[in-house]
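For the sequence shown, my numbering assigns the number 30 to the initial residue and increments by one for each residue that follows. Each residue gets a CB set at the ideal place from its N, CA and C atoms; glycine is no exception.
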Amino acid sequence: MLKKIVLILVLIQFQFSFAQNTTVISFEEKMIVSKEMLKKVPPMLRDVMQKQLNNTVVLSKVFFRDNSNYYQSNETNKQINLNGNVAKKDNVTVMDTETTIRSKPIKIKKDFAQQNYSMIENKKTINNPLEKVKWIVTNKTKKILSYNCFLASTTYKGQKLEVYFTKEISGNASPEKLPFINGVILEYKTTIKTSTATQVKFNQPDVKNFFED
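Printed below as a string of structure tokens:
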């Protein structure tokens, strides 16, 4: 009788472990404020705008298991009110500045084996191949969340893309529509933003009905 109970417990544990094999990586994304971007803003507001953008963070997550990746970003709706003399140049003073920073939530499903992605646009599911790139892996290393990562770079959509990836986490994972590399990306930088992993969780519940939530 005791052997039977032990066997049942082992089977339950075995089934539970296979029901939750998904790894989840949380990211924090910040915008890179370039000089070209600031040129479009009135001179007396540039310092204020730069501080506002530097303090705006977009949160996202990548869920992955086997060949499947699921990327999900949170909606950002940040309104900043600055009261008083916030900017002054010559005889011009700007007061009571209000800025709203918005970004819609994004959901993208990617397949490592098929090298494609799908997402919902105008209430329809679209499927497209991931852009093919040639990675240049360097010897430069960096520790992110205690994982040893290597720097790799490529040209993606005509612009430079840099990533730090690790092979110390099982699987292949990349955020957004970024191409895969043989490993798990924990940090990436484009010309307009940088995003770094803040947490890695293993044995999480598998993703179901991703586009329906």
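Inset, instruction - Can you grab the Cα-Cα spacing for the pair Q144 / K69, in whole Å? - result: Working through the sequence shown from its first residue, we reach residue 144 at position 115. Working through the sequence shown from its first residue, we reach residue 69 at position 40. Each residue's alpha carbon lies about 38 Å from the other.
Inset, instruction - Reducing DSSP to helix, strand and coil, say where F239 ends up. - result: The residue labelled residue 239 in the question sits at position 210 within the sequence shown. Per DSSP, reduced to three states, the secondary structure at F239 is helical.
Inset, instruction - Quick one: which unbroken beta strand (DSSP E) runs of 3-plus residues sit fully inside the stretch 163–235? Chain order, please. - result: 165–173, 176–185, 188–195, 213–218 and 222–233
Legend entry - Proximity winner among T167, D235 and E160, relative to F194 (alpha-carbon distances): In the sequence shown, the residue the question calls residue 194 occupies position 165. Taking only the C-alpha atoms, the option nearest F194 is T167.
Legend entry - Span separating the alpha-carbon of K172 from that of N50: By 1-based counting over the sequence shown, the position of residue 172 is 143. By 1-based counting over the sequence shown, the position of residue 50 is 21. So the alpha carbons of these two residues sit roughly 24 Å apart.
Inset, instruction - Would you mind sorting T183 into buried or exposed? The rule is 16 or more other CB atoms within 10 Å of its CB. - result: In the sequence shown, residue 183 corresponds to position 154, counting from 1. Buried, by the Cβ-count rule.
Legend entry - Simplified DSSP assignment, three categories, for K153: Along the sequence shown, one-based indexing puts residue 153 at 124. K153: strand per DSSP, three-state reduction.
Inset, instruction - Taking T52 and F93 to be in contact with their CB atoms under 8 Å, please state how far apart those CB atoms are, rounded to whole angstroms. - result: As a working mapping, residue 52 is identified with position 23 in the sequence shown. As a working mapping, residue 93 is identified with position 64 in the sequence shown. Indeed they touch by this definition, with Cβ atoms about 6 Å apart.
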